[in-house]
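Q: Chains Z and S supply the protein sequences, listed in that same order. The first sequence stops at residue 336 when you use numbering that gives the first Met the number 0, and every number in between is there. The second sequence stops at residue 249 when you use numbering that gives the first Met the number 0, and every number in between is there. Positions of the beta carbon are idealized from the N, C-alpha and C atoms, including for glycine.
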Amino acid sequence: MLTAKVMKQLYAIEIFSLTKRYGKILALDQLNLKIEPGEVFGLLGPNGAGKTTAISMLCTVNSPTSGTAQVNGYDIRRQAGKVRRSIGIVFQDPSIDDRLTGRENMMLHATLYDIGSAAAKKRIGELLDLVGLSDRADSPMKTYSGGMRRRLELARGLLHSPRVLFLDEPTLGLDPQTRQHLWSHIEELARQSNITVILTTHYMEEAERLCSRVGIIDIGRIKVVDTPANLIGALKGDVVTVVTGRPADFLARIKELNFTHHVEAIDSTLRLHVSDAEKKVPMIVELAAANQIELKSVSIHKPTLNDVFLYYTGKEIRSEEAENELRSKMRALGRIR
Amino acid sequence: MSELRKIGALWYREVLRYWREKSRIVSSLILPLLWLLVFGSGMRNVALPGVDNYQVFIFPGILGMTLLFTSIWSGVSIIWDREFGFLKEIMVAPVSRTSIVIGKALGSGTSALIQGFILLPLSFLIGIRLAPQSVLLLIPIMILLAIGLVCVGLLLASLMNSMEGFNFIMSLVIMPMFFTSGALFPISSAPGWLQVFSYFNPLTYGVDLLRWATTAGTVTTLPAYAEAILLIGFAAAMIVACSYTFNIKK
């Protein structure tokens with residue numbers, strides 16, 4: 000019996016052609032993915048790429064247009080109740096009751112997840128200790144700072160001992176120090192327990208530090224899945240960043256030289272993936288001078304996950320404004336909440 | 000059993016929230032006081048069949064109005080939960096949508112009931128002597144009315160995307176319900192077309208039952224048992240409608 004269960008659960012999450020459509024907008028297109036138990040998996044993508052849509056379907060808050068997934072061996076369409084019991088979630092937007100205290104929010108959660116009150120009290124105490132909120136547990140949430148709220152939400156997400164924890168943009172809008180603090184909590188968690196963590200983020204630093212594997216998603220499609228190290232290694236050579244007033248003209252000239260593996264043009268910035276960058280820079284500068292194109296700056300760096308991200312999505316992180324616009328459109332269309 | 004505990008927890012949350020906002024409790028008493036003490040005093044000598052004076056007539060009407068305002072707004076307030084995210088925490092928890100609706104309705108119903116109870120002592124001020132059995136009868140009437148109306152608020156909220164519909168609800172739902180309910184004048188003295196509206200208004204039966212209880216059974220439009228059945232039917236139908244609406248995933 001037990002072996003059958005273990006056998007069945009090779010994956011913490013298995014996604015089959017998961018698709019979500021909001022009217023004309025295809026928010027998620029045929030997502031296929033397998034995530035192993037104990038992994039910290041990062042879903043990266045620009046805002047509006049479909050990360051939150053994917054997560055909300057895996058959490059059974061939103062239903063797929065087609066396709067399905069198994070979370071902890073339970074089907075998200077047919078066994079929503081069992082999925083819910085076995086997962087913990089920290090949403091992108093705050094989801095705590097402002098008028099209640101931290102402890103009251105935790106108690107409410109415990110009751111909703113069928114944890115007996117004696118067991119709940121003990122576990123709440125431990126978790127509040129873990130996230131360093133014991134001394135503030137009985138203050139109303141409205142007196143908490145942004146970072147404290149997030150920490151409480153993290154503790155709350157762990158309260159019913161989920162096997163899979165979803166973190167949707169866990170450090171969005173937090174100051175760098177609080178972000179570091181939250182990262183160590185997540186690292187600690189992944190080390191100590193065999194919990195599977197799925198996090199979405201658009202901070203590459205966050206993904207590089209926390210994730211064992213990442214998947215890059217853009218406009219509803221998954222582009223690539225691998226470990227951060229492999230993805231970075233796959234970019235050959237270095238990245239040369241050139242800023243110029245005439246990017247299109249210069250790009251055409253550069254292409255004639257035929258030494259770039261890949262180029263990205265973002266506004267007035269050209270990003271050239273080249274081997275032996277130190278030798279290529281003088282050539283680039285000469286080329287500009289010969290064509291009377293003024294260069295504002297030239298720099299070289301070793302590829303990072305950020306370059307991987309740009310390579311696959313071809314764009315910088317979209318502005319918050321555009322993101323909010325898209326979300327309000329989606330809300331109006333399909334009421335995503 | 001566990002669903003009952005969950006309903007209890009959701010009820011407790013609503014009551015805690017209500018209780019922590021003392022200023023709102025006080026401010027929501029001002030309007031009924033104005034109606035009762037200012038409007039009611041001015042109209043005191045209007046003769047109506049079956050009651051001593053006008054204030055005695057509108058007291059149950061004002062009680063109904065308080066329940067109407069508190070309950071509908073408390074139902075609509077779920078929009079705040081949606082806007083500020085708490086609704087997601089509840090919606091993703093392993094708890095049935097029906098339990099969420101019942102918890103919310105009972106919690107808001109309790110707040111409305113407390114509000115109603117704060118008004119009860121005023122009856123002495125205007126010369127109504129409430130017998131203990133009258134008070135006992137008022138409780139289930141107020142609870143049923145509050146539950147039904149909270150669900151009306153929840154349904155309205157499900158049609159709205161933000162709090163921008165405030166005025167719409169006030170002028171197209173709350174005020175018409177109040178004016179056609181017989182809270183301020185006997186329905187029998189209204190023209191026929193207006194009576195039609197009144198008979199379709201669930202608040203009419205609530206107010207009439209409250210009047211029946213406060214006047215010791217002397218004044219009713221329909222027989223009290225028929226009105227009680229209608230009120231129970233209203234509350235039940237609203238809970239079913241809300242659970243149905245909440246079950247449709249958004």
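Which residues in the same chain as V224 of chain Z place their Cβ atom closer than 6 Å to its Cβ, once the five residues preceding and following it in sequence are excluded?
A: If we look at V224 of chain Z and ignore the five residues flanking it on each side, its Cβ neighbours are G214.
Q: By Cβ distance, which residues of its chain are closer than 7 Å to L67 of chain S, with the 5 residues on each side in sequence left out?
A: Correct list, in chain order: L148, I173, M176, F177 and L202.
Q: Specify the secondary structure class of E263 of chain Z as computed by DSSP and reduced to three states.
A: Strand.
Q: With DSSP as the reference, label H108 of chain Z as helix, strand or coil.
A: H108 of chain Z falls in the helix class under three-state DSSP.
Q: Taking the alpha-carbon positions, what's the N200 of chain S to L173 of chain Z distance?
A: So the alpha carbons of these two residues sit roughly 50 Å apart.
Q: Would you list, in sequence order, the uninterrupted beta strand (DSSP E) runs of no fewer than 3 residues that lie entirely inside the stretch 150–219 of chain Z?
A: Segments of the beta strand (DSSP E) lying fully in the stretch 150–219 of chain Z: 163–167, 195–200 and 212–217.
Q: Between the Cα of L129 of chain S and those of S:T109, S:L33 and S:A212, spot the shortest distance and give me the residue it belongs to.
A: Considering only alpha carbons, the answer is S:A212.
Q: For the alpha helix (DSSP H) that Q194 of chain S lies in, which residues bound it at each end?
A: Its alpha helix (DSSP H) spans residues G191 to F199.
Q: Please list, in chain order, all residues of the same chain as Y310 of chain Z whose beta carbon is under 8 Å from its beta carbon, the five residues on each side excluded.
A: Closer than 8 Å at Cβ, skipping near neighbours: L234, H261, E263 and H272.
Q: Kindly identify the DSSP beta-bridge partner or partners of I86 of chain Z.
A: In the DSSP output, where bridge partners are listed per residue, I86 of chain Z has Z:V163.
Q: Assess contact between the stretch 15–28 of chain S and the stretch 52–60 of chain S, defined as three or more Cβ pairs (one per stretch) separated by less than 8 Å. Is contact present?
A: No: the two stretches stay apart, fewer than three of their Cβ pairs being nearer than 8 Å.
Q: Along chain Z, in chain order, which residues have C-beta atoms closer than 7 Å to that of S1 of chain S?
A: Result: D113.
Q: Between the stretch 50–70 of chain Z and the stretch 67–85 of chain S, do at least 3 Cβ pairs fall closer than 8 Å?
A: Taking 8 Å as the limit for Cβ pairs, the verdict is that the stretch 67–85 of chain S does not touch the stretch 50–70 of chain Z.
Q: Anything in chain S within Cβ reach of R76 of chain Z, meaning under 7 Å, just list it in chain order.
A: Result: empty, since nearest Cβ-Cβ is about 11 Å, beyond 7 Å.
Q: If you compare alpha carbons, which of S:V239, S:A8, S:E226 and S:G63 is closest to E103 of chain Z?
A: Comparing Cα positions, the closest option is S:A8.
Q: What is the rounded straight-line gap between the Cα of S187 of chain S and the Cα of L99 of chain Z?
A: When rounded, the distance between both Cα atoms is 48 Å.
Q: Which of the residues in the stretch 188–201 of chain Z, read from start to end, lie with their CB under 8 Å from any CB of chain S?
A: Cβ contacts with chain S come from no residue of the stretch 188–201 of chain Z.
Q: Would you mind stating whether F40 of chain Z and C210 of chain Z have Cβ atoms separated by less than 8 Å?
A: For F40 of chain Z and C210 of chain Z, yes; Cβs fall inside 8 Å.
Q: Rounding to the nearest angstrom, what Cα-Cα distance links A11 of chain Z and S85 of chain Z in this structure?
A: When rounded, the distance between both Cα atoms is 11 Å.
Q: List, in order along the chain, the chain S residues whose C-beta lies closer than 7 Å to that of D96 of chain Z?
A: What D96 of chain Z touches in chain S: R12 and F85.
Q: Three or more C-beta pairs closer than 8 Å, one from the stretch 283–293 of chain Z and one from the stretch 237–257 of chain Z: is that the case here?
A: As far as the Cβ criterion goes, the stretch 283–293 of chain Z touches the stretch 237–257 of chain Z, which means the pair count is three or higher.
Q: Roughly how many angstroms lie between the CA atoms of R149 of chain Z and P169 of chain Z, to the nearest whole one?
A: Straight-line Cα distance between these residues: approximately 7 Å.
Q: Could you tell me the alpha carbon to alpha carbon distance between L193 of chain S and F85 of chain S, rounded to whole angstroms?
A: Cα to Cα, the separation comes out at about 41 Å.
Q: In the structure shown, what three-state DSSP assignment does E13 of chain S receive?
A: E13 of chain S falls in the helix class under three-state DSSP.
Q: In angstroms, rounded to a whole number, what distance separates the CA positions of R317 of chain Z and A227 of chain S?
A: Bear in mind that a pLDDT of 42 at R317 of chain Z, under 50, signals an unreliable position, so the number given afterwards is only what the model happens to contain. For R317 of chain Z and A227 of chain S, the distance between alpha carbons rounds to 59 Å.
Q: Can you check whether the C-beta of P93 of chain Z is within less than 8 Å of a C-beta belonging to chain S?
A: Yes, P93 of chain Z counts as interfacial toward chain S.
Q: Beta-carbon of E226 of chain S versus every beta-carbon of chain Z: anything under 8 Å?
A: It does not: the Cβ of E226 of chain S has no partner Cβ on chain Z nearer than 8 Å.
Q: Taking 8 Å as the threshold (C-beta atoms), are T18 of chain Z and S65 of chain Z in contact?
A: For S65 of chain Z and T18 of chain Z, yes; Cβs fall inside 8 Å.
Q: Using DSSP bridges, identify the partner residues of T18 of chain Z.
A: Looking at the DSSP assignment, T18 of chain Z forms a beta bridge with Z:S65.
Q: Looking at the structure shown, is P139 of chain Z part of a helix, part of a strand, or coil, going by DSSP?
A: P139 of chain Z falls in the strand class under three-state DSSP.
Q: Would you say the stretch 141–148 of chain Z touches the stretch 28–45 of chain S, given that touching needs at least three Cβ pairs under 8 Å?
A: No, because fewer than three Cβ pairs between the stretch 141–148 of chain Z and the stretch 28–45 of chain S fall closer than 8 Å, the two stretches do not touch.
Q: For chain Z, is any of its Cβ atoms less than 8 Å away from the one on R210 of chain S?
A: Closer than 8 Å: no.
Q: Report yes if the CB atom of I61 of chain S is closer than 8 Å to the CB atom of A145 of chain S, and no otherwise.
A: The answer is no: Cβ separation not under 8 Å.
Q: Listing by chain order, which chain Z residues have their CB less than 8 Å from the CB of V100 of chain S?
A: None at all; the shortest Cβ gap to chain Z is about 15 Å.
Q: Roughly how many whole angstroms lie between the Cα atoms of P131 of chain S and I117 of chain S?
A: P131 of chain S and I117 of chain S: Cα-Cα distance of roughly 16 Å.
Q: Flag R96 of chain S as yes if its beta-carbon sits less than 8 Å from any beta-carbon of chain Z, otherwise no.
A: Closer than 8 Å: no.
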